[in-house]
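Shown next, in structure tokens, is the structure this report addresses.
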Amino acid sequence: MTQSPTAEAAEIKVSFAGTEAAAAFDAFGLDRDDGRRRSVHFWDRPARTSGEEVLLPLLKRGLILRLRRDREGHDSKDEADVTVKLRPCPELPPPWLEEREGEDWEYRIEEDRAAPAFKPVVAASLQAGVGFAASLDPGSPGPLLVEEQLELLGASGLADGGLDGLTALGPVHAVKWKQEWEELPRAVAVEEWTTEGGLRFVEVSVRADVEDAAEAQHLLDGALRARGLTPPPTGDTKTRIVMTALARALLR
184 MTQSPTAEAA
194 EIKVSFAGTE
204 AAAAFDAFGL
214 DRDDGRRRSV
224 HFWDRPARTS
234 GEEVLLPLLK
244 RGLILRLRRD
254 REGHDSKDEA
264 DVTVKLRPCP
274 ELPPPWLEER
284 EGEDWEYRIE
294 EDRAAPAFKP
304 VVAASLQAGV
314 GFAASLDPGS
324 PGPLLVEEQL
334 ELLGASGLAD
344 GGLDGLTALG
354 PVHAVKWKQE
364 WEELPRAVAV
374 EEWTTEGGLR
384 FVEVSVRADV
394 EDAAEAQHLL
404 DGALRARGLT
414 PPPTGDTKTR
424 IVMTALARAL
434 LR
């Protein structure tokens, strides 16, 4: 018997793109030498329609496969991890309805609340550490996934056709910082994403218990406005925008 998992925690996110990303970078007083530098790859089966639309079938079904690897820079640790993320999370069997962890992996369930709508979307993700050397060539994700990630993929039913024929999209160049803002009770995460194609995002996020998420959103909005920033009124997730751009460049 399957059912939808329930999240106890939420992550509230606001992303700024292009010139707004540059303004956010300055407003937060960021210095790339102070952040953790990572490269990010995603996997999917990119294709084009006759109308030149880019299709990402795994992402469309709510499955994100991601590899992150430390790059040279301040606070980098020569670490790498691979994540299977289900967003929105489908119904799952009992073993996957609660958070749990193993020696080298962690399974987490939380609400994603992304601007501008801040609509709660339950997401389940299983992150596992992988060998730093083994992650140098993204290749197929199959050899990098731990047994629990393969089990989660099977339980979700989202990876029909297995992991054959997937294409690595990237790299995305990421830098992440943790900051303490007086307006918020918990640490603020700030992450910059850039691509060789010229895309740039700066995302700020905070975590809160679900019952406190609305208040955390209100406090984050006020903190951004106090720094001269207005949350964008429209927009898609940075993951979807970046993956689509990378796929479009690959299919030219």
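Take 184 as the starting number for the sequence shown in our numbering and just add one per residue.
All C-beta atoms in this analysis are idealised placements derived from N, C-alpha and C, irrespective of residue type, glycine included.
Distance, residue 347 Cα to residue 239 Cα: One-based indexing of the sequence shown puts residue 239 at position 56. One-based indexing of the sequence shown puts residue 347 at position 164. Rounded to the nearest angstrom, the two C-alpha atoms are 15 Å apart.
Endpoints, the alpha helix (DSSP H) within which residue 243 is located: For the purposes of this step, residue 243 is taken as the residue at position 60 of the sequence shown. Start and end: 240 to 244.
DSSP-derived helix/strand/coil call for residue 377: Indexing the sequence shown from 1 puts residue 377 at position 194. Strand.
C-alpha gap between residue 412 and residue 386, whole angstroms: One-based indexing of the sequence shown puts residue 412 at position 229. One-based indexing of the sequence shown puts residue 386 at position 203. One C-alpha to the other measures close to 12 Å.
Given residue 252 as reference, the closest of 246, 318, 208 and 201 once Cα atoms are compared: Here residue 252 refers to the residue found at position 69 of the sequence shown. Comparing Cα-Cα distances from residue 252 to each of 246, 318, 208 and 201, the minimum goes to 318.
N-terminal and C-terminal residue of the beta strand (DSSP E) that residue 391 is part of: Indexing the sequence shown from 1 puts residue 391 at position 208. Segment 383 to 392, the beta strand (DSSP E) holding residue 391.
Presumed contact (8 Å Cβ cut-off) between residue 351 and residue 326, rounded CB distance: Indexing the sequence shown from 1 puts residue 351 at position 168. Indexing the sequence shown from 1 puts residue 326 at position 143. Not a contact, Cβ separation roughly 13 Å.
Start-end ranges of the beta strand (DSSP E) lying completely within the region 340 to 366, minimum 3 residues: 350 to 362
Euclidean distance between Cα positions of residue 274 and residue 281: Residue 274 sits at position 91 when you count from the first residue of the sequence shown. Residue 281 sits at position 98 when you count from the first residue of the sequence shown. Looking at the two C-alpha atoms, the distance is approximately 12 Å.
Bounding residues of the alpha helix (DSSP H) (the contiguous stretch that carries residue 399): Translated into positions along the sequence shown, residue 399 becomes position 216. Residues 396 to 409.
Residue 402 vs residue 197 beta-carbon contact at 8 Å: In the sequence shown, residue 402 corresponds to position 219, counting from 1. In the sequence shown, residue 197 corresponds to position 14, counting from 1. No, they are not a contact pair.
Option in 416, 255, 193 and 433 with minimal Cα separation from residue 304: Taking the sequence shown and counting its residues from 1, one reaches residue 304 at position 121. The candidate whose alpha carbon is nearest that of residue 304 is 193.
Three-state secondary structure (DSSP) of residue 295: On the sequence shown, residue 295 is found 112 positions in, with the first residue counted as 1. In this structure, residue 295 counts as strand in the three-state DSSP scheme.
Three-way DSSP call (helix, strand, coil) for residue 334 in this model: As a first step, residue 334 must be located in the sequence shown, where it is residue number 151. In the structure shown, residue 334 sits in a helix (DSSP, three-state: H, G or I).
Validate contact between the region 329 to 338 and the region 350 to 366 using beta carbons, cut 8 Å, 3 pairs: no
CA-to-CA distance, residue 425 to residue 168, given in whole angstroms: Coverage of the chain is limited to positions 184 through 435, which leaves residue 168 absent and any answer about it impossible.
contact_flag[the region 414 to 421, the region 219 to 232] where n(CB pairs < 8 Å) is 3 or more: no
Bridge-paired residues (DSSP) for residue 301: Counting from 1 along the sequence shown, the entry for residue 301 is found at position 118. Looking at the DSSP assignment, residue 301 forms no beta bridge with any residue, so it has no partner.
Rounded straight-line distance, which links the Cα of residue 247 to that of residue 241: For this step, residue 241 is matched to residue 58 along the sequence shown. For this step, residue 247 is matched to residue 64 along the sequence shown. Distance between the alpha carbons of residue 241 and residue 247: 7 Å.
Buried versus exposed, by CB contacts within 10 Å (16 or more), residue 423: Numbered from 1 along the sequence shown, position 240 holds the residue referred to as residue 423. Exposed, by the Cβ-count rule.
DSSP three-state assignment for residue 313, whether helix, strand or coil: Residue 313 sits at position 130 when you count from the first residue of the sequence shown. Three-state result, residue 313: coil.
Rounded C-alpha distance that separates residue 307 from residue 328: By 1-based counting over the sequence shown, the position of residue 307 is 124. By 1-based counting over the sequence shown, the position of residue 328 is 145. Looking at the two C-alpha atoms, the distance is approximately 16 Å.
Candidates 278, 299, 302 and 269, of which the one nearest residue 310 by Cα: To locate residue 310, count along the sequence shown from 1; it is residue 127. Out of 278, 299, 302 and 269, 269 has the C-alpha closest to the C-alpha of residue 310.
CA-to-CA distance, residue 295 to residue 373, given in whole angstroms: The sequence position of residue 373 within the sequence shown is 190, counting from 1. The sequence position of residue 295 within the sequence shown is 112, counting from 1. Computed Cα separation, rounded: 16 Å.
Which of helix, strand or coil DSSP assigns to residue 203: Here residue 203 corresponds to residue number 20 of the sequence shown, with the count starting at 1. If DSSP states are grouped into helix, strand and coil, residue 203 belongs with the helices.
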